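Input: a single structure, listed below in structure tokens.
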Amino acid sequence: MATTKVERLMNLVICLLSTRQFLTAEWIRESVAGYDDSTSLEAFSRMFERDKNELRDLGVPLETGIATRFGGVEGYRINRDAYELPDIDLTSEESAAVAVAVKLWESPELTSAAQSALLKLRAAGIQVDQNESAAAVTAVPARTRGSEPALGALLAAIDEGKSVRFEHRPSLTEPFVTRTVQPWGVVTFRGRWYLVGHDVDRDDTRT
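In terms of my numbering, the sequence shown is residues 1 to 207.
Structure below.
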């Protein structure tokens, strides 16, 4: 099974954080899961360049230096001291808000990420009591807590940077039209999910 871009980036970050030595592109290609999907050195080089740029755009302190253990060629690492977050000290109100957010995203597509975030906070010593949020969550529209049929496909397209095509009906009195959209994200408002992106046919931002 092919590795997704997010998995590949996570593998790269973990690899570059695990050592203070600079690692060469060749070593990364052979050792980091996800890069073995590239069919040629040229394809790997393009993929690796995109990944490096994306990590830097995300604020990851990716450094370039001499990989002495690999014959003195160029290598890469992540500055661990610059990458680590400071200690997080949440107030009781902020902790309750986190618990509400975890409860809010109870859909098959989002619950895994929400629970992962909760586990990381607890591992950092931050106690989040989900029971305290029970009353607040009852006010959340039921549709928000559920799953929309197209949500998983849209999240996958956003993750992979792919366009989506679907039938859209502007109003009940108008016919369906085919829309091609470069998706940027999905948001929820008053219990409904909305797609935000660039409408290719109209060459404009649409929701």
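Note that CB positions come from ideal geometry on N, CA and C, so glycine has one too.
Everything numeric in this text was worked out from a predicted model, so none of it was measured.
Count the other CB atoms, across all protein chains shown, that sit within 10 Å of the CB of E63; report buried if there are 16 or more and exposed otherwise. exposed
For the beta strand (DSSP E) that A67 lies in, which residues bound it at each end? L62 to A67
Which one of L55, K5 and E54 has the shortest CA to CA distance from Y35? K5
Would T178 pass as a contact of D199 if the rule is Cβ separation under 9 Å? no
What number of angstroms, rounded off, separates the C-alpha of A153 from the C-alpha of D159? 10 Å
Within the segment 170-206, note down every full beta strand (DSSP E) run reaching 3 residues or more, in order along the chain. 177-189, 192-199 and 204-206
Return the first residue and the last residue of the alpha helix (DSSP H) that Y83 is part of. R80 to Y83
Output yes or no for whether 9 Å exceeds the beta carbon distance between L17 and R80. yes
In the DSSP output, which residue or residues are listed as bridge partners for Y76? L23 and T64
F70, enclosing alpha helix (DSSP H) - first and last residue: Segment: none, F70 is in no alpha helix (DSSP H) and carries neither H nor E.
Just how far apart, CA to CA, sit A67 and R202? 49 Å
Which of helix, strand or coil DSSP assigns to V13: helix
Sort out for me which residues DSSP pairs V164 with in a bridge. V181
F231: buried (16+ other C-beta within 10 angstroms of its C-beta) or exposed? Lying before the first or after the last residue shown, residue 231 is absent from the chain, which here runs from 1 to 207.
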